[in-house]
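Mapping to the numbering used here: the sequence shown position 24 is 377, numbers consecutive. What follows is a set of notes on a single structure, which appears directly below.
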Amino acid sequence: MDYFGPHIFGYTIALLHFLGMITAIHAVLTVRTAQGSIAWALSLVFIPYLTLIPYLVFGRSTFNGYIKARRQANEEMRKAISELNWRPWVE
(Lines of atoms letter the chains of each structure in order from A and count residues from 1; the text may use other names and numbers.)
(Lines give C-alpha, C1' and ligand atoms only; values in the text may rest on other atoms or scores of the structure.)
Protein backbone atom coordinates (compact mmCIF):
# COMPACT_ATOMS: atom_id res chain seq x y z
CA MET A 1 0.00 0.00 0.00
CA ASP A 2 2.91 2.35 0.61
CA TYR A 3 3.89 1.95 -3.03
CA PHE A 4 0.58 3.29 -4.37
CA GLY A 5 0.35 6.34 -2.09
CA PRO A 6 2.58 8.73 -4.08
CA HIS A 7 1.39 7.29 -7.38
CA ILE A 8 -2.28 7.83 -6.54
CA PHE A 9 -1.51 11.44 -5.68
CA GLY A 10 0.34 11.90 -8.97
CA TYR A 11 -2.43 10.26 -10.97
CA THR A 12 -4.99 12.48 -9.25
CA ILE A 13 -3.03 15.63 -10.10
CA ALA A 14 -2.61 14.44 -13.71
CA LEU A 15 -6.33 13.68 -13.96
CA LEU A 16 -7.22 17.12 -12.60
CA HIS A 17 -4.93 18.78 -15.15
CA PHE A 18 -6.46 16.71 -17.95
CA LEU A 19 -9.97 17.65 -16.84
CA GLY A 20 -8.82 21.26 -16.54
CA MET A 21 -7.66 21.25 -20.16
CA ILE A 22 -10.93 19.73 -21.36
CA THR A 23 -13.00 22.28 -19.44
CA ALA A 24 -10.70 25.07 -20.65
CA ILE A 25 -11.62 24.14 -24.22
CA HIS A 26 -15.28 24.15 -23.19
CA ALA A 27 -14.81 27.58 -21.60
CA VAL A 28 -13.25 29.05 -24.73
CA LEU A 29 -16.10 27.74 -26.87
CA THR A 30 -19.05 28.60 -24.63
CA VAL A 31 -18.36 31.45 -22.20
CA ARG A 32 -20.18 34.61 -23.22
CA THR A 33 -17.36 37.17 -23.17
CA ALA A 34 -13.84 36.90 -24.53
CA GLN A 35 -12.34 38.14 -21.28
CA GLY A 36 -14.27 35.59 -19.27
CA SER A 37 -13.32 32.72 -21.53
CA ILE A 38 -9.62 33.60 -21.42
CA ALA A 39 -9.69 34.01 -17.63
CA TRP A 40 -11.43 30.69 -17.12
CA ALA A 41 -9.22 28.90 -19.63
CA LEU A 42 -5.97 30.14 -18.09
CA SER A 43 -7.05 29.33 -14.57
CA LEU A 44 -8.34 25.90 -15.58
CA VAL A 45 -5.09 25.03 -17.35
CA PHE A 46 -2.68 26.28 -14.70
CA ILE A 47 -4.54 25.67 -11.42
CA PRO A 48 -7.34 23.19 -12.14
CA TYR A 49 -7.38 21.85 -8.57
CA LEU A 50 -8.62 25.26 -7.39
CA THR A 51 -10.84 26.30 -10.30
CA LEU A 52 -12.40 23.12 -11.68
CA ILE A 53 -15.29 22.90 -9.21
CA PRO A 54 -16.02 26.68 -9.21
CA TYR A 55 -16.13 26.59 -13.02
CA LEU A 56 -18.55 23.68 -13.00
CA VAL A 57 -20.77 25.54 -10.52
CA PHE A 58 -20.50 29.17 -11.67
CA GLY A 59 -18.66 29.29 -14.97
CA ARG A 60 -20.87 27.36 -17.26
CA SER A 61 -22.48 30.06 -19.23
CA THR A 62 -26.08 30.69 -19.93
CA PHE A 63 -24.94 31.60 -23.42
CA ASN A 64 -27.74 29.66 -25.10
CA GLY A 65 -30.28 31.42 -22.89
CA TYR A 66 -28.67 34.74 -23.77
CA ILE A 67 -28.97 33.98 -27.48
CA LYS A 68 -32.62 32.93 -27.13
CA ALA A 69 -33.46 36.08 -25.18
CA ARG A 70 -31.67 38.24 -27.73
CA ARG A 71 -33.48 36.61 -30.65
CA GLN A 72 -36.82 37.00 -28.88
CA ALA A 73 -36.12 40.70 -28.25
CA ASN A 74 -35.14 41.17 -31.90
CA GLU A 75 -38.32 39.46 -33.05
CA GLU A 76 -40.43 41.67 -30.78
CA MET A 77 -38.65 44.74 -32.16
CA ARG A 78 -39.31 43.64 -35.75
CA LYS A 79 -42.96 43.05 -34.92
CA ALA A 80 -43.29 46.50 -33.31
CA ILE A 81 -41.65 48.18 -36.32
CA SER A 82 -43.89 46.31 -38.77
CA GLU A 83 -46.98 47.42 -36.82
CA LEU A 84 -45.86 51.04 -37.17
CA ASN A 85 -45.56 50.59 -40.93
CA TRP A 86 -42.21 52.34 -40.74
CA ARG A 87 -39.49 51.49 -43.21
CA PRO A 88 -36.12 52.68 -41.88
CA TRP A 89 -34.37 52.08 -45.21
CA VAL A 90 -36.65 54.58 -46.99
CA GLU A 91 -36.33 58.24 -46.04
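Every residue gets a Cβ at the ideal spot worked out from N, C-alpha and C, and that includes glycine. The structure presented is a predicted model; accordingly, all values stated were derived computationally and were not measured.
Original post:
Which residue spans inside the segment 382-416 form an unbroken beta strand (DSSP E) run of at least 3?
Top reply: none
Subject >> Proximal residues to residue 369 (C-beta, below 8 Å), its chain only, five neighbours per side dropped >> reply: Counted from its first residue, the sequence shown places residue 369 at position 16. These residues qualify, in order along the chain: 401, 402, 405.
Subject >> Inter-residue Cα distance where the pair is residue 378 and residue 438 >> reply: In the sequence shown, the residue the question calls residue 378 occupies position 25. In the sequence shown, the residue the question calls residue 438 occupies position 85. Roughly 46 Å separates the two Cα atoms.
**OP:** Could you tell me if residue 419 is buried or exposed, where buried requires 16 or more neighbouring beta carbons within 10 angstroms of its beta carbon?
**Re:** As a working note, residue 419 is residue 66 in the sequence shown. Exposed.
Original post:
Roughly how many whole angstroms lie between the Cα atoms of residue 422 and residue 373?
Top reply: As a working mapping, residue 422 is identified with position 69 in the sequence shown. As a working mapping, residue 373 is identified with position 20 in the sequence shown. Approximately 30 Å, taken between the alpha carbons.
**OP:** Determine the contact status of residue 344 and residue 412, defining contact as a CB-CB distance below 8 Å.
**Re:** No information on residue 344 is available, as it lies outside the stretch 354 to 444 that the chain covers here.
Original post:
If you draw a straight line from the C-alpha of residue 394 to the C-alpha of residue 358, how long is it?
Top reply: What you label residue 394 is simply residue 41 of the sequence shown in a count that begins at 1. What you label residue 358 is simply residue 5 of the sequence shown in a count that begins at 1. If you take the alpha carbons of residue 394 and residue 358, they lie about 30 Å apart.
**OP:** Could you have a look at residue 438 and say whether DSSP puts it in helix, strand or coil?
**Re:** Here residue 438 is taken as the residue at index 85 of the sequence shown, counted from 1. The answer is coil: DSSP assigns residue 438 none of H, G, I, E or B.
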